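To start, the structure itself, in structure tokens.
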Amino acid sequence: MTFSGGGIRRTVFACVLACAVASPAFAEARAPVEAIEVSARPITEFQVGHDQKLFGPLEFVGGLEMTASSRDFGALSAFRFLKPGGDFIGVADTGFWFFGTITHDADKRPSGVANFRMQQMVDASGRPIKEKWEVDAEGLAVKDGIATVGFEREQRVVQFKIDSDNIKAPFKTLDYLVPARELRQNRGFETVTHANPHGQHEGGLVVVSEKSLDKAGNIYAAIIEGPRKGVFTVKRNGDFDITDGAFLPDGDLLLLERSFSMARGVKMRLRRIYGESIEKGAVADGPVLMEADMGYQIDNMEGLDVWTRDDGALMVSLVSDDNHSILQRNLYLEFILHQD
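Residue 29 in the UniProt record's numbering sits at position 29 of the sequence shown; the count goes up by one each step and never skips.
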């Protein structure tokens with residue numbers, strides 16, 4: 001989300017489309033991949049002015065404030081690691097893919113961003129799509145070389161084959177089960193994630209909207225793959241909206257939530273949704289694990305992933321969307337989630 005003469009025309013369009021299909025120039029069109037140098041300033045304190053590390057069950061490891069000279073850099077709305085804590089893929093809500101690698105120092109703290117690239121999303125002919133309402137990408141899931149993306153405004157959930165040198169147009173559109181009339185234009189699917197492969201949903205896709213509410217004020221969501229497909233809702237807790245989520249190894253769903261007002265600024269929250277409450281027709285709910293306001297190193301936190309470090313620690317990584325505003329920042333934050 002950002003925070004902020006018919007017959008003649010149809011004939012002309014059909015001719016243009018036919019030429020596009022037949023022309024080698026159109027067939028070979030592709031969006032260039034832009035290599036971007038990212039500068040990363042380390043963040044060593046999560047709470048500003050305090051060296052506290054524990055925040056409920058979450059232990060702050062470190063973070064990065066990321067900047068780059070490219071005008072395309074920013075608006076990072078979702079990401080997933082391709083290699084735990086290292087190589088990643090993501091989507092920006094301005095219609096870009098991004099790739100890179102998080103580097104770490106000898107103490108396992110994030111130290112920088114390497115090999116960062118961006119590529120504009122393309123249409124079926126390989127031409128870059130420039131209209132934001134068509135490519136407002138907000139949610140991302142990755143599995144077996146396939147990226148599943150949730151788009152707002154023109155609401156859809158579609159799949160792409162991952163190729164860091166040239167991601168083409170989507171090859172498949174999925175049925176997201178929630179009635180289209182219930183999805184608010186700029187409050188659609190911010191969470192697209194695969195369930196636990198060994199759990200009740202057998203790795204199927206789960207989608208959760210940001211703030212598309214049913215009559216009871218709960219947030220629309222759905223299990224769109226697997227043996228127990230169906231629509232459910234997530235209990236709305238306070239004035240927070242959902243910006244991303246990922247399943248934990250035990251089958252619970254970790255949600256990233258955001259609240260904003262002109263008076264108090266932005267807040268972020270992590271909430272653990274009990275896995276057994278994610279069922280067709282159910283209202284899923286669970287406890288808040290952590291909440292942070294502008295007294296912490298946060299911004300418009302939109303992306304989340306969960307991964308396991310080489311020493312066995314369960315990690316939670318977050319990124320923020322700066323909306324290409326000079327008043328906001330692109331942040332990367334890393335936490336250990338303690339289970340006991």
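All residues carry an ideal CB built from backbone N, CA and C; glycine is no exception. Being a predicted model, the structure only gives us computed values, none of them experimental.
CA-to-CA distance, residue j to residue i, given in whole angstroms
i      : j      : result
Arg272 : Phe55  : 15 Å
Phe260 : Leu254 : 20 Å
Glu138 : Gln120 : 15 Å
Val21  : Leu213 : The pLDDT assigned to Val21 is 38, lower than 50, so where the model puts this residue is not dependable, and the model offers no usable value.
Ser69  : Arg41  : 15 Å
Phe26  : Trp133 : Note that Phe26 scores 40 on pLDDT, short of 50, meaning its location in the model is unreliable and no value can be drawn from it.
Glu334 : Phe160 : 28 Å
Lys215 : Pro32  : 45 Å
Thr148 : Ala78  : 11 Å
Glu225 : Gly204 : 4 Å
Ser39  : Phe73  : 11 Å
Pro197 : Ala263 : 43 Å
Val48  : Ile298 : 10 Å
Lys211 : Gly90  : 22 Å
Cys15  : Ala124 : Because Cys15 sits at a pLDDT of 38, beneath the cut-off of 50, its placement in the model cannot be relied upon, and the following sentence gives the value as read from the coordinates. Roughly 16 Å between the two C-alpha positions.
Gly312 : Gly199 : 21 Å
Gln52  : Ala282 : 38 Å
Same chain only: Cβ atoms within 6 Å of residue i, ignoring 5 sequence neighbours per side
i      : result
Pro81  : The amino acid occupying residue 81 in the given sequence is Phe; Pro does not appear at that position. Around Phe81: Phe88, Asp305, Trp307.
Thr103 : Ser111, Gly112, Ala114
Pro24  : Because Pro24 sits at a pLDDT of 41, beneath the cut-off of 50, its placement in the model cannot be relied upon, and the following sentence gives the value as read from the coordinates. None.
Asp293 : Lys267
Thr101 : Gly86, Asp87, Ala114, Asn115
Coil, strand or helix - residue i by DSSP
i      : result
Pro24  : Confidence is the limiting factor: at Pro24 the pLDDT is only 41, short of 50, which leaves the residue's position unreliable and the question unanswerable from this model.
Lys235 : coil
Lys132 : helix
Ala180 : helix
Gly217 : coil
Glu37  : coil
Glu279 : coil
Val319 : strand
Met121 : coil
Asn196 : coil
Glu152 : strand
Gly95  : coil
Arg80  : strand
Phe171 : coil
Gly86  : coil
Ser325 : coil
Pro287 : coil
Gln339 : coil
Nearest-angstrom Cβ-Cβ length linking residue i and residue j, presumed shorter than 8 Å
i      : j      : result
Pro110 : Gly188 : Not a contact, Cβ separation roughly 30 Å.
His194 : Phe247 : 7 Å
Val231 : Leu177 : 5 Å
Ile242 : Glu190 : 6 Å
Asp136 : Glu152 : 5 Å
Phe46  : Tyr332 : Not really, about 12 Å apart at Cβ, beyond 8 Å.
Val206 : Ile129 : Not really, about 27 Å apart at Cβ, beyond 8 Å.
Val208 : Ala169 : Between Ala169 and Val208 the Cβ distance is about 25 Å, and since that is not below 8 Å, they are no contact.
Met301 : Arg258 : 6 Å
Asn166 : Arg329 : About 30 Å separates the two Cβ atoms, so there is no contact after all.
Arg117 : Glu34  : 6 Å
Val309 : Pro84  : Contrary to the premise, residue 309 reads as Arg rather than Val in this sequence. Correct: roughly 7 Å between the Cβ atoms.
Gly286 : Asp252 : 7 Å
Per DSSP, the bridge partner or partners of residue i
i           : result
Asp310      : Per DSSP, none; premise fails for Asp310.
Pro110      : His104
Asn330      : Met66
Tyr296      : Gln47
Gly230      : Ile223
Ile273      : Leu253
residue 362 : The displayed coordinates of the chain run from 1 to 340. Any statement about residue 362 would go beyond what the structure contains.
Ala31       : Beta-bridge pairing links Ala31 to no other residue.
Val207      : Val192, Ala222
Residues near residue i by beta carbon distance below 7 Å, same chain, minus five either side
i      : result
Arg156 : Thr173
His338 : Pro57, Glu59
Thr94  : Ala75, Lys132
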